[in-house]
DNA sequence: TGATCGAATGTTTACGTAAACATATGGAAG
DNA sequence: CTTCCATATGTTTACGTAAACATTCGATCA
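Chains as they are written, first to last, in our numbering: chain Y, -17 to 312; chain Z, -17 to 312.
What follows is the structure in structure tokens.
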């Protein structure tokens, strides 16, 4: 910076002003500085800048990895939204769902230079309330409403209701459910809403099978369900598990949707191309991400925000994997 | 840090020594400092530290987003490998494949505090050689061999050969190919190897159809292929496109694998649960990521490395989507 | 005309850390 | 007992930037 200042014949402070697009710099001076910068290939030093301003223009992102496509979509969308806002994203994937791992990730991120932290798909931890170090703004996605941080999420309750209703309306006596892992809030809310919707409709509530979001776990659950003759409709808590259920049913000789209807949750782009195309609940990951980043930046610039929860409406996408049950068909 | 030093009754330099685990600190002093740190909730300031050391313990990662599952797997694996090495990952997703976008991403990252940059699935850019700012170590994945940066990649040539051979060996007269985007090196190498393998075997080489890695583009290609009666075997350049091809074939009334065999590339976990389960080429994303990070850290610590390319061997996974052609079946 | 103000630019300083150098202390070697 | 050296600790400084404050200069207004 000193070199640039010398070459342009100004003080380093003027260079700083040009770099930061401040006013009160004569156009001609600005041009002179800019060309000096170009000539010397000058790049501002983020560390020094952050040291002075206390701002890094970077967001920390803690997730449980990208193996779950829903998570991957969220991470992707958050990254892009952050970029549009001029922030980079510092990502940490934690392996286990323990509070210790989350805290270690937090430590690493706050040590790393971030202005705020986005926590994706927070799990239900052992301790009643996850205590995070103060001072760093936090926004959660798919977390627990009772936490003291703002949260943005798809309206899981509404989504699960839509898909369960859809299956009941087709004439199925009841709907089986393959849930996500027991320590996932998103999974819990979907399961609770499925349960409530069945009760409301006066339908029997079958036992829940738990998966871990993976197609493999859906397949295992599907094998169990395929053995039970009365199963005519299955709602899997995400599209990957729905895929596994479908496979297990087909292997067992059950046709979809003639013998059994299957629905998922997420609406991955691929779900429209499965055989048969999957009925599912579309989450608007981009809108969720936009809101997360907006809330984050609010907090960074204007201080702590109330721990409100913003819900983004999902949409039922009916495709060919759901149909009336055999009893209602000619 | 000064507060910690005062509380512990030592100089700030001694605190620094404790924080950095340096030797030459008496055990008793160390404990005193550590407890002072705990008491005050002291966290080292990364910006100040980086300003002095010039190191950030952070890697930049440029990719084209996580919509392509292969990319998502790579990003996930790189993140985890980097974490194990004590580095965080600063991610940038670029929208378009222009050189300008790549350079903008580079600028943002070098301005952001990173010690090195990993470039995933570099595309073929307009200019003969992508000129990156000097001074920052770079490792490429899925890039162009001719670049002057070290590269790690799955052996695309070998993978495409394996799958093409497999189809020919089953008795298919030739194999159609749905390639990835024309500006992708990985897609190009897979296509070239498919072409070479057909020629070697004396088989006719049908025209290539291009997709963009998405299931939708595979579906479009599949519709075209389904109209051609002679098509008995299709090799799609990734599993997502293979999924789309499968869907188009099934819609057209072609059975898989009885009428037409379909194979993919990547071996996503889901591919084993498609109907029918997909024959594909398994990429070892974890090994690729390990090597990328190792090369990166070598460069950071020991200076520029030769622009070698390391290939990781793929593996053919035969499942039920491929079979002998109708002509060879009873 | 002189006072006043605002725009453009310069000077000084602080940010929090680790490197480089300086000093003190105690024990081993002669 | 002195010398020397290793170990433990303290002091000074530099890293590159932006904030705070200071200065200069020309224009505006009473």
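For each residue, glycine too, the CB sits at the ideal point set by N, CA and C. Treat the numbers as computed from the prediction; the structure is a model and nothing was measured.
For this session: Grab me the residues of residue 290 of chain Y's own chain with a C-beta within less than 8 Å of its C-beta, minus the 5 sequence neighbours each way, in chain order.
Result: Indexing the first chain from 1 puts residue 290 of chain Y at position 308. Excluding residues within five positions, the ones whose Cβ falls inside 8 Å are 132 and 133.
For this session: Would you mind telling me which residues of chain Z sit closer than 7 Å to residue 54 of chain Y, beta carbon to beta carbon, in chain order?
Result: By 1-based counting over the first chain, the position of residue 54 of chain Y is 72. Simply 48 and 54.
For this session: Quick one: measure Cβ to Cβ for residue 60 of chain Y and residue 48 of chain Y, integer angstroms, because I've assumed they're closer than 8 Å.
Result: For the purposes of this step, residue 60 of chain Y is taken as residue 78 along the first chain, with counting starting at 1. For the purposes of this step, residue 48 of chain Y is taken as residue 66 along the first chain, with counting starting at 1. Residue 60 of chain Y to residue 48 of chain Y, Cβ: 12 Å. No contact.
Problem set entry | Closest Cα partner of residue 192 of chain Y within the set Y:182, Y:216 and Y:274 | Translated into the one-based positions of the first chain, residue 192 of chain Y becomes position 210. Of the candidates Y:182, Y:216 and Y:274, the one whose C-alpha sits nearest the C-alpha of residue 192 of chain Y is Y:216.
Exercise. Can the beta-carbon of residue 52 of chain Y be found less than 9 Å from the beta-carbon of residue 265 of chain Y?
Worked result: Position 70 of the first chain, counted from the start, is the residue given in the question as residue 52 of chain Y. Position 283 of the first chain, counted from the start, is the residue given in the question as residue 265 of chain Y. In contact: residue 52 of chain Y and residue 265 of chain Y (Cβ atoms closer than 9 Å).
For this session: Could you spell out where the alpha helix (DSSP H) holding residue 226 of chain Z opens and where it closes?
Result: Counting from one through the second chain, the residue named residue 226 of chain Z turns up at place 244. Start and end: 221 to 233.
For this session: Would you list the one or two residues that DSSP bridges to residue 297 of chain Y?
Result: Position 315 of the first chain, counted from the first residue, corresponds to residue 297 of chain Y. DSSP, once it has assigned bridges, lists Y:264 as partnering residue 297 of chain Y.
Problem set entry | Under 7 Å by beta carbon: chain Y residues contacting residue 261 of chain Z | The residue you call residue 261 of chain Z lines up with position 279 of the second chain. Ordered by position in chain Y, no residue passes the 7 Å Cβ test against residue 261 of chain Z, which lies about 15 Å from the chain.
For this session: Residues of the region 177 to 210 of chain Z with a CB closer than 8 Å to any CB of chain Y: list them in chain order, please.
Result: 196, 197, 198, 200 and 201
Problem set entry | residue 214 of chain Z in three-state terms, based on DSSP | Taking the second chain and counting its residues from 1, one reaches residue 214 of chain Z at position 232. Looking at residue 214 of chain Z - three-state DSSP - the assignment turns out to be coil, as it is neither helix nor strand.
Exercise. Would you say residue 246 of chain Z faces chain Y, with C-beta separation under 9 Å as the test?
Worked result: To locate residue 246 of chain Z, count along the second chain from 1; it is residue 264. By this cut-off, residue 246 of chain Z is not an interface position.
Problem set entry | Inside the region 9 to 42 of chain Y only - alpha helix (DSSP H) runs reaching at least 4 residues | 9 to 22 and 28 to 35
Problem set entry | Residues bridged to residue 98 of chain Z [DSSP beta-bridge criterion] | Within the second chain, numbered from 1, the residue matching residue 98 of chain Z stands at position 116. In the DSSP output, where bridge partners are listed per residue, residue 98 of chain Z has Z:41.
Exercise. Are the beta-carbon atoms of residue 198 of chain Y and residue 239 of chain Y separated by less than 9 Å?
Worked result: By one-based count along the first chain, residue 198 of chain Y stands at place 216. By one-based count along the first chain, residue 239 of chain Y stands at place 257. No, Cβ-Cβ distance for residue 198 of chain Y and residue 239 of chain Y is not below 9 Å.
Problem set entry | Min CB distance residue 74 of chain Z to chain Y below 9 Å | For the purposes of this step, residue 74 of chain Z is taken as residue 92 along the second chain, with counting starting at 1. Output row for residue 74 of chain Z: interface = yes.
Exercise. Apart from the five residues on each side of it in sequence, which residues of its chain come closer than 7 Å, Cβ to Cβ, to residue 208 of chain Z?
Worked result: Looking up residue 208 of chain Z in the second chain gives position 226. Answer for residue 208 of chain Z: 230, 231, 234 and 236, listed in chain order.
For this session: Compute the beta-carbon to beta-carbon distance between residue 146 of chain Y and residue 91 of chain Y, rounded to the nearest angstrom, for a pair I have assumed lies under 8 Å.
Result: On the first chain, residue 146 of chain Y is found 164 positions in, with the first residue counted as 1. On the first chain, residue 91 of chain Y is found 109 positions in, with the first residue counted as 1. Actually they are not in contact, since the Cβ atoms of residue 146 of chain Y and residue 91 of chain Y sit about 38 Å apart, beyond 8 Å.
Exercise. From which residue to which residue does the alpha helix (DSSP H) around residue 304 of chain Y run?
Worked result: For the purposes of this step, residue 304 of chain Y is identified with residue 322 of the first chain, where counting begins at 1. Per DSSP, residue 304 of chain Y belongs to no alpha helix (DSSP H) and is neither H nor E.
For this session: Output, in chain order, the set of chain Y residues within a Cβ distance shorter than 7 Å of residue 222 of chain Z.
Result: Counting from one through the second chain, the residue named residue 222 of chain Z turns up at place 240. The contacting residues are 252.
Exercise. If we ignore side chains and look at the alpha-carbon of each, how far apart do residue 121 of chain Y and residue 98 of chain Z end up?
Worked result: Taking the first residue of the first chain as 1, we reach residue 121 of chain Y at position 139. Taking the first residue of the second chain as 1, we reach residue 98 of chain Z at position 116. The straight-line gap from Cα to Cα measures roughly 28 Å.
Exercise. When the cut-off is 9 Å and only beta carbons count, does residue 256 of chain Z lie next to chain Y?
Worked result: On the second chain, residue 256 of chain Z is found 274 positions in, with the first residue counted as 1. Taking Cβ atoms only, chain Y reaches closer than 9 Å to residue 256 of chain Z, which makes this a yes.
For this session: Note down, in chain order, every chain Y residue with its Cβ under 7 Å from the Cβ of residue 232 of chain Z.
Result: On the second chain, residue 232 of chain Z is found 250 positions in, with the first residue counted as 1. 257, listed in chain order.
Exercise. Which value, in whole angstroms, describes the spacing of the CA atoms of residue 260 of chain Z and residue 244 of chain Z?
Worked result: For this step, residue 260 of chain Z is matched to residue 278 along the second chain. For this step, residue 244 of chain Z is matched to residue 262 along the second chain. Near 7 Å, if we compare the C-alpha coordinates of residue 244 of chain Z and residue 260 of chain Z.
For this session: For the beta strand (DSSP E) holding residue 159 of chain Z, just list the boundary residues, first then last.
Result: Along the second chain, one-based indexing puts residue 159 of chain Z at 177. First-last of the beta strand (DSSP E) with residue 159 of chain Z: 158 to 161.
For this session: Please look up how many angstroms separate the CB atoms of residue 102 of chain Y and residue 87 of chain Y, rounded, as I've assumed it's under 8 Å.
Result: By one-based count along the first chain, residue 102 of chain Y stands at place 120. By one-based count along the first chain, residue 87 of chain Y stands at place 105. Going by Cβ atoms, the distance from residue 102 of chain Y to residue 87 of chain Y rounds to 11 Å, so no, they are not a contact pair.
Exercise. How would you label residue 108 of chain Y, buried or exposed, when you count the other beta carbons within 10 angstroms and need 16 or more for buried?
Worked result: Start at 1 with the first residue of the first chain, and residue 108 of chain Y comes out as number 126. With a pLDDT of 45 at residue 108 of chain Y, under the threshold of 50, the modelled position of this residue cannot be trusted, and the question is left open.
For this session: Use the C-beta contact count for residue 308 of chain Y: other C-beta atoms within 10 angstroms, 16 or more gives buried, fewer gives exposed.
Result: Looking up residue 308 of chain Y in the first chain gives position 326. That one is exposed.
Exercise. Taking three-plus beta-carbon pairs below 8 Å as touching, is the region 285 to 299 of chain Y in contact with the region 160 to 170 of chain Y?
Worked result: no
Problem set entry | Within-9 Å CB hit, residue 130 of chain Z to chain Y | Within the second chain, numbered from 1, the residue matching residue 130 of chain Z stands at position 148. Not one chain Y Cβ lies under 9 Å of residue 130 of chain Z.
Exercise. What separation, rounded to the nearest whole angstrom, lies between the Cα atoms of residue -6 of chain Z and residue 95 of chain Z?
Worked result: As a working mapping, residue -6 of chain Z is identified with position 12 in the second chain. As a working mapping, residue 95 of chain Z is identified with position 113 in the second chain. Taking the straight line from one Cα to the other gives about 25 Å.
For this session: Find the nearest neighbour of residue 2 of chain Y within the set Y:293, Y:-9, Y:15 and Y:10, judged by alpha-carbon distance.
Result: Looking up residue 2 of chain Y in the first chain gives position 20. Considering only alpha carbons, the answer is Y:15.
Exercise. How is residue 72 of chain Z classed by DSSP in three states: helix, strand or coil?
Worked result: On the second chain, residue 72 of chain Z is found 90 positions in, with the first residue counted as 1. Three-state DSSP puts residue 72 of chain Z in a strand.
Exercise. How is the beta strand (DSSP E) around residue 134 of chain Y delimited, first residue to last?
Worked result: Taking the first residue of the first chain as 1, we reach residue 134 of chain Y at position 152. From DSSP, the beta strand (DSSP E) with residue 134 of chain Y extends over 133 to 136.
Problem set entry | Supposed contact pair residue 214 of chain Z and residue 154 of chain Z - C-beta distance, whole angstroms, cut 8 Å | Here residue 154 of chain Z corresponds to residue number 172 of the second chain, with the count starting at 1. Here residue 214 of chain Z corresponds to residue number 232 of the second chain, with the count starting at 1. Contact holds; Cβ gap of about 5 Å.
Exercise. Which of the three DSSP states, helix, strand or coil, is assigned to residue 241 of chain Y?
Worked result: What you label residue 241 of chain Y is simply residue 259 of the first chain in a count that begins at 1. Reduced to three states, the DSSP call for residue 241 of chain Y is coil.
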